[in-house]
Amino acid sequence: MHSTTTQKKRLTLKVILLGESGVGKSSIVNQFVNKKFLNYYKATIGVDFLQKQLTVDGVDVTLHIWDTAGFERYQSLGSAYYRGADCCVLVYDLTSSSSFRAIESWRDEFLVVSNPSDPDDFPFMLLGNKFDLIHDRAVSSSKAENWCRQVVNMKHFEVSAKEDWRLDDAFKEIVRMCLIRLRRGEEEYPDFPERINLHNRNTGQVDDDVTPLCNPCSYS
Numbered sequence: 009m010h011s012t013t014t015q016k017k018r019l020t021l022k023v024i025l026l027g028e029s030g031v032g033k034s035s036i037v038n039q040f041v042n043k044k045f046l047n048y049y050k051a052t053i054g055v056d057f058l059q060k061q062l063t064v065d066g067v068d069v070t071l072h073i074w075d076t077a078g079f080e081r082y083q084s085l086g087s088a089y090y091r092g093a094d095c096c097v098l099v100y101d102l103t104s105s106s107s108f109r110a111i112e113s114w115r116d117e118f119l120v121v122s123n124p125s126d127p128d129d130f131p132f133m134l135l136g137n138k139f140d141l142i143h144d145r146a147v148s149s150s151k152a153e154n155w156c157r158q159v160v161n162m163k164h165f166e167v168s169a170k171e172d173w174r175l176d177d178a179f180k181e182i183v184r185m186c187l188i189r190l191r192r193g194e195e196e197y198p199d200f201p202e203r204i205n206l207h208n209r210n211t212g213q214v215d216d217d218v219t220p221l222c223n224p225c226s227y228s
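Start counting the sequence shown at 9; every next residue gets the next number (the working numbering).
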């Protein structure tokens, strides 16, 4: 995809958000893309789609973010959109232990339906939402981290859609995970900008306050 104003190529990445109903998937996407938070709950019917352009480590990216319904009766609708995803974001509610327990089944369903060529290396991000309700926490950081470490290529952020806390950091890291996977040659991407040196990831200001709760996975 080409920018309308420059000759630089813009990479398009498809990101899928999965998780139980009510964990805040729509709020996360709406806050990240539009910088708006709705104080009332409106369930997603089927699949919602938003996009956002950003630059991460010198790479111009358009994120296509797909927000799927968490209700079981809509899962068949969402599964048609899993294929072709570059990253899967698993969302749970920090105040709901049941939403955290459901994460593994959401991950398994995604892998079965999307059938990526590299399931052990496919980028997943685990987001614990509603950090603004931390005093009502039901899922400890250590519990999420321990589960995260058991999964190859999984990173974890605690965020707040309501307060717009760490969302930018999380999505920038999502982009980095996708870029590294593409550079490793796991997927063909003819428009990938060859000028980019992804081995030097600590460039610019975007890394300064990014601190994933799980140790970064090794890509070597």
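Cβ coordinates follow ideal geometry from the N, Cα and C atoms, glycine included.
On a predicted model such as this, the values are computed, not experimentally measured, just so you know.
- A straight line joining the alpha-carbon of Val31 with that of Tyr100 spans about 5 Å.
- An exposed status is given to Val120, since fewer than 16 other beta-carbon atoms sit within 10 Å of its beta-carbon.
- A distance below 9 Å separates the beta carbons of Val167 and Phe139.
- Under the 10 Å beta carbon count, Glu171 is surrounded by fewer than 16 other beta carbons and is classified as exposed.
- For Leu190, the enclosing alpha helix (DSSP H) begins and ends at 175-191.
- Contact between the stretch 21-40 and the stretch 87-99 is established, with three or more Cβ pairs separated by less than 8 Å.
- The three-state secondary structure of Ser168, taken from DSSP, is strand.
- Counting along the chain, the unbroken beta strand (DSSP E) around Val97 starts and ends at 95-101.
- For Lys22, the enclosing beta strand (DSSP E) begins and ends at 19-26.
- In this structure, the beta-carbon distance from Ile73 to Gln59 falls below 9 Å.
- Counting only runs of 3+ residues, the beta strand (DSSP E) found wholly inside the stretch 99-151 occupies 132-137, in chain order.
- Check the Cα spacing between Trp155 and each of Arg115, Lys180, Arg174, Leu190: the tightest is with Arg115.
- In the structure shown, Lys43 adopts coil according to DSSP, grouped into three states.
- Here Val64 carries a strand assignment [DSSP, helix/strand/coil].
- Going by C-alpha positions, Ala169 is about 25 Å away from Leu187.
- Looking at the DSSP output, Gln59 bridges to His72.
- Partner residues in the beta bridge of Lys163, as assigned by DSSP, are Met133.
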